[in-house]
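2 protein chains.
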Amino acid sequence: MVQLGRHFGGGPASLSEIAAAEDMPRAYLEQLAFVLRDAGLVTSTRGAHGGYELARAPEAIHMSEVLRALEGPLAPMICATEDDAHDACARTSNCTVNLLWVRVRDAVAGALEGVTLADLVPQRVVPVHGRTTEPTPQGALTNS
Amino acid sequence: MVQLGRHFGGGPASLSEIAAAEDMPRAYLEQLAFVLRDAGLVTSTRGAHGGYELARAPEAIHMSEVLRALEGPLAPMICATEDDAHDACARTSNCTVNLLWVRVRDAVAGALEGVTLADLVPQRVVPVHGRTTEPTPQGALTNS
DNA sequence: CTCAATCCCAAGTGATCTTGTCGGGATTGA
DNA sequence: TCAATCCCGACAAGATCACTTGGGATTGAG
């Protein structure tokens, strides 16, 4: 799913393109794209030559956002949701394990926060003038 | 599930007791208990007054072990399993997201490693003579 | 010895989640 | 107008999770 992100970084792309490149069903990608759009991570242009585009530079998109958008609030367990309405679990009072989950959750959040989309874009050799696969239009892709 | 662990720390307990205390179905607890036993985390004594007991002191049992035993190798995604037979995902070659999952996995493992069963046992007031809530048994919980 | 309490174990069930599929719109550039 | 594209809701197969069923085997107490 997040494979989507990889493909961005270049211009706007239609779902059909992406579907072909990732060989995933187009209809499924649509679903994900809507969610990402609602989350403000991608922008869409409709009509004949429409498609999706990143809303921000890849370096500015933390994977935590993407994951939260796609999979909901990242809680390893109910009773450790991020918006602390944490009386979801009836056992809450006598359940000390909560502490564990919260810690795990924070660890995950931290790891996710530390990775941006840019980190996951495979380096398509920056164009000196060879132009092999993909131009890399604007200043993305600086770090590993 | 892991609630089991909480109840140990005292003497050996029969499943019926634990089931009553946690109000969970006894039969289900059995399943979990077997797994924990196979993993060497608890020992069992059969027969009339049998029951389960921790195999080690609570401070010596990392939650990572418990979780691994109960839920299998902790991989946030297939393609990031712990035993690095990591060509489970057909897309592996062109999939850079793997890096992300590995990082998340390590973060989780770290968090789990840093918490022992003792940290999750609600303090049944250790007999010194004052202490109400949290005696912190021995040098656990030093870091955040 | 007998019996009940307990652990041992495999297989099955039902709800929920994940991963998609389908079908039909709405919007836009050519 | 027409085709390409996004938009959206509802459905379905498969896996997974939490739990149940139905039997054993082992042991201490009477």
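Quick mapping for you: the protein sequence lines, in order, are chains L and F.
All letters in the first sequence, in the order written, are residues 2 to 145 by the working numbering.
All letters in the second sequence, in the order written, are residues 2 to 145 by the working numbering.
Beta carbons: idealized from backbone N, C-alpha and C, even for Gly.
Looking at the C-beta of residue i, does it have a partner C-beta in chain F at a distance below 8 angstroms?
{"i": "L/PRO13", "result": "no"}
{"i": "L/VAL98", "result": "yes"}
{"i": "L/LEU42", "result": "no"}
{"i": "L/GLY73", "result": "no"}
{"i": "L/ALA112", "result": "yes"}
{"i": "L/PRO123", "result": "yes"}
{"i": "L/ARG7", "result": "yes"}
{"i": "L/LEU101", "result": "yes"}
Counting only the same chain and skipping the five closest in sequence on each side, list residues whose C-beta sits under 7 angstroms from that of residue i.
{"i": "F/GLY111", "result": "none"}
{"i": "F/ARG27", "result": "LEU16, SER17 and ALA20"}
{"i": "L/GLN4", "result": "GLU23"}
To the nearest angstrom, how far is the alpha carbon of residue i from that of residue j?
{"i": "L/MET78", "j": "L/TRP102", "result": "7 angstroms"}
{"i": "F/ASP1", "j": "F/GLU54", "result": "Past the edges of chain F, shown from 2 to 145, lies residue 1 of chain F, and the structure says nothing about it."}
{"i": "F/ARG7", "j": "F/LEU121", "result": "6 angstroms"}
{"i": "L/ALA1", "j": "L/ALA119", "result": "A query on residue 1 of chain L cannot be resolved here, the shown segment of chain L reaching from 2 to 145 and no further."}
{"i": "F/LEU33", "j": "F/ALA56", "result": "15 angstroms"}
{"i": "F/ARG47", "j": "F/ALA108", "result": "39 angstroms"}
{"i": "F/LEU37", "j": "F/ALA70", "result": "6 angstroms"}
{"i": "F/CYS96", "j": "L/MET2", "result": "11 angstroms"}
{"i": "F/ALA81", "j": "F/PRO59", "result": "29 angstroms"}
{"i": "L/PHE35", "j": "F/GLY51", "result": "56 angstroms"}
{"i": "F/THR44", "j": "F/ALA22", "result": "20 angstroms"}
{"i": "F/VAL98", "j": "L/GLY73", "result": "19 angstroms"}
{"i": "F/ALA49", "j": "F/GLY12", "result": "16 angstroms"}
{"i": "L/PRO123", "j": "L/TYR29", "result": "23 angstroms"}
{"i": "F/MET25", "j": "L/MET25", "result": "42 angstroms"}
In this structure, does DSSP put residue i in helix, strand or coil?
{"i": "L/GLN4", "result": "helix"}
{"i": "F/THR133", "result": "With a pLDDT of only 45 at F/THR133, under 50, the local geometry of the prediction cannot be trusted, and no value is derived from it."}
Could you pull out every residue in the same chain whose Cβ sits closer than 6 angstroms to the Cβ of residue i, ignoring the five residues on either side in sequence?
{"i": "L/VAL105", "result": "PRO77"}
{"i": "F/HIS63", "result": "GLU114 and THR117"}
{"i": "L/LEU100", "result": "none"}
If you drop the 5 nearest sequence neighbours on each side, which residues of the same chain put their C-beta closer than 8 angstroms to that of residue i?
{"i": "L/GLU66", "result": "ALA40 and LEU42"}
{"i": "L/GLU31", "result": "LEU16"}
{"i": "L/ALA14", "result": "HIS8, GLY52, TYR53 and GLU54"}
{"i": "L/LEU75", "result": "SER65, LEU68, ARG69, GLU83, ARG106, VAL109, ALA110 and LEU113"}
Closest Cβ-Cβ distance between residue i and chain L: below 8 angstroms?
{"i": "F/ALA108", "result": "yes"}
{"i": "F/PRO59", "result": "no"}
{"i": "F/GLN4", "result": "yes"}
{"i": "F/VAL105", "result": "yes"}
{"i": "F/VAL116", "result": "yes"}
{"i": "F/ALA21", "result": "no"}
{"i": "F/SER17", "result": "no"}
{"i": "F/GLU31", "result": "no"}
Within the segment 25-87 of chain F, ranges of the alpha helix (DSSP H) (whole runs, at least 4 residues): Correct list: 27-39 and 64-72.
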